[in-house]
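The first sequence runs 1 to 300 under full-length UniProt numbering. The beta carbon of each residue, even a glycine, is placed where N, CA and C say it ideally should be. Treat the numbers as computed from the prediction; the structure is a model and nothing was measured. Worksheet for the structure shown next.
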Amino acid sequence: MTENPYTPAVLAWYERNARDLPWRRPEATPWEILVSEIMLQQTPVTRVLPAWQAWVQRWPTPADLAAEAPGEAVRMWNRLGYPRRALNLHACATAIVERHSGQVPASREELLALPGIGSYTSAAVASFAFGQRHAILDTNVRRVLARAETGVEYPPKAQTKAEVELAEALLPPEPAVAVRWGVAVMELGALVCTARSPKCVDCPIIDQCAWTLAGRPAHDGPPRRGQSYAGTDRQVRGRLLAVLRESPGPVAKPALDRVWDEPVQRERALDALVSDGLVDPLDDGTYALPGATPVAGDPG
DNA sequence: GAACCGTGGTC
DNA sequence: TGACCAAGGTT
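Right, dumping it as structure tokens:
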């Protein structure tokens, strides 16, 4: 494919239908955009909005966050889910201060080297914060391309090289247009070309959609099974961490034991939290959110 | 490549 | 009501 047949219609649709999200405003800083992208990993926009507002107000720059204990980031994360992301964001802030003079790096390679930033997030920050031309391939874009181009209801479970090549082939040549295109396709997937009950009547490219032209065949293949949650270690970890978040100080072991009856699984989950750096076991046998890392030679 | 990692909303 | 889904990344 040498030309993207969707560009004008999708961009025009975005002009009229884009949500006014604060991290999309022109005055949003690269740090604010980076924070939004980490928060939006597997978490819906509606839940991210208030958390993002509070976060960037408290820590307007990487240096502000780096100056705090990582446990403060975990506490501030509240119930957004996947709390390792809070730790990652704190580690990002520290790395940005130490390696990049406090400025979010602009290159995709440097972004990829930051903790918790992978293929999608590096492309998103380089594109949305720095105006660079990169293929944006998130769950929304993958679904739009699966339908419009491949003619199937859902993309494969794992991202393929073919999807990356398709997304790159569709990228408009001008960087400024490519940036707009990326966010526009994501928005189309989020608002119209949704996973369940897509609003095809509102779709700006319905006339060119391979899936629609094929009669919108149902998903073919094994069921796309979501991960179970009830009874898993993840549920136990969530309960344990909730106790620590809601306590202003260290928590005694019996208070943690109360969240789950089965002792083997409970201990395994707690050990894993400690191993992940989300929980600090203190010398007196109590547990706390992670404190500041002691600096070698620091007399304090 | 598959499993794992939280939480809440939707139909 | 339970299965599915949400701007993924790491191991």
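If you draw a straight line from the Cα of Cys203 to the Cα of Arg234, it is about 38 Å long. In this structure, DSSP gives Asp280 an extended state, which the three-state scheme calls strand. For secondary structure counted as the beta strand (DSSP E) over 3 or more consecutive residues, the UniProt domain "HhH-GPD" (39-191) holds no complete run. In the DSSP assignment, Ala288 forms a beta bridge with Asp280.
In this structure, Gln41 sits near Tyr82, with a CB-CB distance shorter than 9 Å. Taken through DSSP and simplified to helix, strand or coil, Val259 comes out as coil. Counting only the Cα atoms, Gly116 lies some 28 Å from Val251.
Counting of Cβ neighbours within 10 angstroms places Gly71 among the buried residues, the total reaching 16 or more. Within the same chain, Val74, Pro83, Leu273, Leu278 and Val279 come within 8 Å of Leu241 by CB-CB distance, once the 5 residues on both sides are set aside. DSSP places Gly238 inside the alpha helix (DSSP H), whose first and last residues are Asp233 to Glu246. In terms of Cβ geometry, Leu171 and Ala135 form a close pair [threshold 9 Å]. For Val10, the enclosing alpha helix (DSSP H) starts and ends at Thr7 to Asn17.
An exposed status is given to Asp220, since fewer than 16 other beta-carbon atoms sit within 10 Å of its beta-carbon.
For Glu153, the closest alpha carbon among the candidates Pro223, Arg85 and Thr94 is that of Pro223. In the assembly as shown, Gly131 is an exposed residue. Its beta-carbon has fewer than 16 other beta-carbons within 10 Å. Sorting Ala123, Asp276 and Gln227 by C-alpha distance to the C-alpha of Glu109 places Ala123 at the top. Here Leu145 is actually not in contact with Glu165; their C-beta atoms are around 11 Å apart, not less than 8 Å. Contact fails between the segment 26-45 and the segment 194-210, because fewer than three Cβ pairs, one in each stretch, are under 8 Å apart. In the DSSP assignment, Ala210 falls within the alpha helix (DSSP H) that extends over Ala210 to Leu213. Taking the CA atoms as reference points, Val45 sits about 25 Å from Tyr6.
Looking from the CA of Pro248, the closest CA among Pro22, Pro50, Leu289 and Val183 belongs to Leu289.
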